[in-house]
Amino acid sequence: MENPEKANEEFYIGWQPMSPVAQMRFTRKISLLILVCVLFIASAFVYFQKGFSSSQFEYGDVTTISGMLTMTPFPMLSVNHGMDMDGQAVIQQIVLVGAGKHGAEAYIQQVEKKYGGQLDFSNVTISGFLIYHDGHTLMEVKELVPANPDKAPSTIPFTMSGEAYGSISGEIADPKCFFGVMKPGFGKPHLSCAARCIAGGIPPVLKSSTASGEAHYYIIVDHDGNPCNYSILPFVGDRVFLHGRIKTSGDWQFIFVDDLDKIVRVPDEMAYEGITCNTIQH
Amino acid sequence: MGHQYQVVSWNRQKRIYDGVVLTGILLFFGAFTLLQLKLHPEITFETLIIRATAVLAFLMLHIILCIGPLARLDKRFLPLLYNRRHLGVIMSLIALTHGVFSIYQFHALGNVNPILSVFISNPNYNSIGLFPFQILGFFALIIILIMASTSHDFWLHNLSPKVWKSLHMMVYLAYFLLVGHVILGVLQMEQSPYLIGLLALGAGIVTSLQWSAGSKKRNQEIGKEQVQDPFVKVCRVDDIAENRAKTVLIGKENIAVFKYDQKLSAVNNLCRHQNGPLGEGKILDGCITCPWHGYQYLPHNGQSPPPFTEKVETYDVKLIDGWVYVNPTPYAEGTPVEPCPIHSIIARN
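Chains A and B are the protein sequences, given in the same order.
Going from the first sequence to this note's numbering is simple: count from 1 and add 1443.
Going from the second sequence to this note's numbering is simple: count from 1 and add 28.
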């Protein structure tokens, strides 16, 4: 690789102040080549990586909303946006979550203790940071204040309708990260975070994509409509089939899983896209 | 080369080296950030930091692993080797940033300790596709931090070169763990054939360079047919350039036979500093000078000139009919051995 005679002429010693001239020229060229490679790798990684969703987390930007609080199966705020053109009430359900990887329940229980009463089905005013994407909204609760009962705004309480039965496949994700806090907030790199969020009380969500890429989201509860976070923890971040009743409340859908002991993983050979929410029987 | 410990003994070449490294880091972060904001303005600050530090640290580790074999194959790469530990320490800080941000982002603010969360949040240890890849990165980071914190000559001296070298050979384990961390982690999501190709290219370059450098070392081993007890035939005396050496591996003895001033002397080939290949060095000012970091030894006794105290083993050398022979039984470190004169043999030939 090298001419022995030439090698004998020059010898590099790092502790000497100057490098031999030919050596210095070579080192300069190699350094330049490495810097070009560094720029290439940086550019290539960014260029070839997947993009990120347009989900939003308005961290630091406090929004205050009034509505009716419901505590089961998970804390949610029902907000009345008036009537649509058909005279139907427009109700938005905002899923409430706590700070970090926690649900909102513990904080709301503290508020209930402070005010000395249950807040379920009460009108409240909540300040926090909005999280929203794909037509769904969550809020990280910063402060919750019960409304004055005499001046409570009228609203429609949390109800569920449109029951169907189906078998849905998709990835179990935590909605706080998926709908805005993290990008990406799903998939293998995010699996552990999703497990911590769901273990912390954030409602688990099944994200199911149709063949055309349209996504549907289902909050997962057990057969009786109770939280089942710990039962599904082994499947978080994984692709599964869930079977059960499907109900709608405002802009959220819920799946009441028939049997949590019979959750089936989607086989690896099945592509992620194209798995659809199917066989829904009305 | 210094005879007392300093945090960093700076010189002009070191400053240039570090300047180039810092320029590369700034260029990387600048290009990575600007392109992300241009192509993917939705990216969060945390993801930007996690990805930038991950790619940069992994890239720097590739460069670090390539420098050693490149310097063995072509001496012109030696300037990159001389301050390689600076590169290693900077890489470890970047890797630490990646680790801290990742653990905070994915494991902190939950209902268990973040470090414990790394091990328990994803329990799919029996699955390849779902394997908790973070633990691979976690252990790789621990190895890298141990290496960075023991990179100073203080630790080299106190741990002994053999232990220190063994400890720092764990960089290959760290690299192996990191390849798994990348394959079972981000590449499970990204799945771009180009990104997979880049990883394969990097691993291929590192592996082939290490193999080539290893082959060069293996080729120096002397076969049994060349043994003439107790001396072993090494080479023709003319095959050794003036002030240079021929290296041989006889059993476990790694020996460098130097030719200088019409004399031959043999010393152990491993520098007492970082086990650098003395035989690839040169005799300067009457001293064998290690190509890696410039440590020096007198050829006839294997001792560093005062005030330095390093010593290497010495060996008997003889010339028969223009052939160089060496006795692979070493003398104790620093033992003077009468150099073998060349002129009389050449005259006889």
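Note that beta-carbon positions come from the ideal geometry of N, C-alpha and C, so glycine has one too.
Computed from a prediction, not measured in an experiment: that's the story for all the values here.
Count the other CB atoms within 10 Å of the CB of residue i; is the residue buried (16 or more) or exposed (fewer)?
i: serine 1604/A; result: exposed
i: methionine 175/B; result: buried
i: isoleucine 1718/A; result: Note on isoleucine 1718/A: pLDDT 41, under 50, position unreliable in the model; the coordinate value appears next. Classification for isoleucine 1718/A: buried.
i: leucine 1562/A; result: buried
i: arginine 100/B; result: buried
i: isoleucine 370/B; result: buried
i: aspartate 267/B; result: exposed
i: tyrosine 45/B; result: buried
i: asparagine 1566/A; result: buried
i: serine 293/B; result: buried
i: alanine 202/B; result: buried
i: asparagine 1710/A; result: Strictly speaking, residue 1710/A in this sequence is proline, with asparagine absent from that position. Exposed, by the Cβ-count rule.
i: methionine 1514/A; result: buried
i: histidine 126/B; result: buried
i: arginine 7/B; result: In the structure as shown, chain B begins at 29 and stops at 377. Residue 7/B is therefore absent and cannot be evaluated.
i: arginine 43/B; result: exposed
i: leucine 144/B; result: exposed
Under the three-state reduction of DSSP, which class applies to residue i: helix, strand or coil?
i: isoleucine 1663/A; result: strand
i: valine 1707/A; result: strand
i: lysine 1493/A; result: coil
i: asparagine 355/B; result: coil
i: tryptophan 192/B; result: helix
i: proline 69/B; result: coil
i: glutamine 1696/A; result: strand
i: arginine 272/B; result: coil
i: phenylalanine 182/B; result: helix
i: threonine 1677/A; result: First, the amino acid is wrong: residue 1677/A is proline here, not threonine. Proline 1677/A: helix per DSSP, three-state reduction.
i: tyrosine 23/B; result: Since the first residue of chain B shown is 29 and the last is 377, residue 23/B is not available in this structure.
i: isoleucine 370/B; result: coil
i: cysteine 263/B; result: strand
i: cysteine 1720/A; result: Its pLDDT being 46, under 50, cysteine 1720/A is placed unreliably by the model, and nothing is read from it.
i: alanine 80/B; result: helix
Thinking C-alpha only, which one of the options is nearest residue i?
i: aspartate 344/B; options: Leu106/B, Val295/B and His185/B; result: Val295/B
i: threonine 178/B; options: His196/B, Pro367/B and Phe161/B; result: His196/B
i: leucine 1476/A; options: Leu108/B, Ala80/B and Pro97/B; result: Leu108/B
i: histidine 301/B; options: Tyr288/B, Glu308/B and Val340/B; result: Val340/B
i: isoleucine 233/B; options: Ala80/B, Gly96/B and Tyr353/B; result: Gly96/B
i: alanine 1642/A; options: Met1461/A, Thr1580/A, Tyr1673/A and Ser1651/A; result: Tyr1673/A
i: phenylalanine 1629/A; options: Ile1611/A, Val1648/A and Gly1644/A; result: Val1648/A
i: methionine 1519/A; options: Val1700/A, Lys1705/A and Trp1695/A; result: Trp1695/A
i: histidine 321/B; options: Gly127/B, Leu306/B and Trp183/B; result: Leu306/B
i: isoleucine 1663/A; options: Pro1646/A, Ala1654/A, Cys1636/A and Val1584/A; result: Pro1646/A
i: aspartate 382/B; options: Lys244/B, Ile163/B and Asn111/B; result: Because chain B here runs from 29 to 377, residue 382/B falls outside it and cannot be looked at.
i: phenylalanine 1678/A; options: Pro364/B, Val265/B, Ser155/B and Gln216/B; result: Ser155/B
i: alanine 1638/A; options: Leu63/B, Gln133/B and Phe105/B; result: Gln133/B
i: serine 1498/A; options: Arg1708/A, Val1700/A and Lys1619/A; result: Lys1619/A
i: valine 265/B; options: Ile283/B, Tyr288/B, Ile278/B and Glu281/B; result: Tyr288/B
i: serine 1610/A; options: Ser1651/A, Ala1658/A, Phe1500/A and Phe1491/A; result: Ser1651/A
i: leucine 226/B; options: His90/B, Pro151/B, Leu67/B and Cys263/B; result: His90/B
i: phenylalanine 1500/A; options: Val1707/A, Phe1469/A and Met1582/A; result: Met1582/A
i: leucine 98/B; options: Leu169/B, Met119/B and Trp239/B; result: Trp239/B
i: glutamate 1657/A; options: Gly1578/A, Asp1704/A and Ile1689/A; result: Gly1578/A
i: leucine 1478/A; options: Phe56/B, Leu62/B and Pro69/B; result: Phe56/B
i: leucine 1512/A; options: Asn1523/A, Gly1503/A, Val1505/A and Tyr1502/A; result: Asn1523/A
List, in chain order, every chain A residue whose beta-carbon is nearer than 9 Å to that of residue i.
i: glycine 213/B; result: Lys1631 and Pro1632
i: threonine 75/B; result: Phe1495, Met1625, Lys1626 and Pro1627
i: asparagine 329/B; result: In chain order: nothing, as chain A lies at least about 21 Å away.
Chain B partners of residue i, CB-CB under 7 Å?
i: proline 1677/A; result: Pro151
i: tyrosine 1455/A; result: Leu106 and Pro107
i: aspartate 1681/A; result: Leu158
Could you tell me which chain A residues have their CB closer than 7 Å to the CB of residue i, listed as they occur along the chain?
i: threonine 363/B; result: Correct list: empty, because the minimum Cβ distance to chain A is about 26 Å.
i: tyrosine 359/B; result: Correct list: empty, because the minimum Cβ distance to chain A is about 27 Å.
i: valine 352/B; result: None at all; the shortest Cβ gap to chain A is about 16 Å.
Residues of chain B with CB under 8 Å from residue i, in chain order?
i: threonine 1470/A; result: Arg104, Pro107 and Leu108
i: phenylalanine 1697/A; result: The contacting residues do not exist; phenylalanine 1697/A stays about 24 Å from chain B at best.
i: proline 1460/A; result: Asn39, Arg40 and Gln41
i: glycine 1503/A; result: Per Cβ cutoff of 8 Å: no residues; glycine 1503/A is ~12 Å from chain B at best.
List the residues of chain B that residue i touches, going by C-beta distances under 9 Å, in chain order.
i: cysteine 1671/A; result: By Cβ distance, chain B contributes nothing, its closest Cβ being about 17 Å from cysteine 1671/A, past 9 Å.
Starting from the beta carbon of residue i, find every residue of chain A whose beta carbon is closer than 8 Å, and list them in chain order.
i: threonine 51/B; result: Leu1478
i: serine 220/B; result: Phe1491, Gln1492 and Lys1493
Report yes if the C-beta of residue i is less than 7 Å from at least one heavy atom of the ligand COA; otherwise report no.
i: leucine 1649/A; result: With respect to the ligand COA, the structure offers nothing, as it holds no ligand at all.
Fill in: Every unbroken alpha helix (DSSP H) within the region 97-165 of chain B, with a cutoff of 4 residues, ordered by chain
106-110, 112-135 and 142-148
Discussion item. Quick check for students: name the residue ranges of the alpha helix (DSSP H) that lie wholly in the region 274-319 of chain B, counting only runs of 4 or more.
Written reply: none
Worksheet item: For the region 206-245 of chain B, which segments carrying the beta strand (DSSP E) assignment without a break, of at least 3 residues, lie completely within its bounds, in sequence order?
Response: none
Fill in: Complete runs of the beta strand (DSSP E) confined to the region 1486-1548 of chain A [at least 3 residues]
1506-1513, 1519-1526 and 1532-1540
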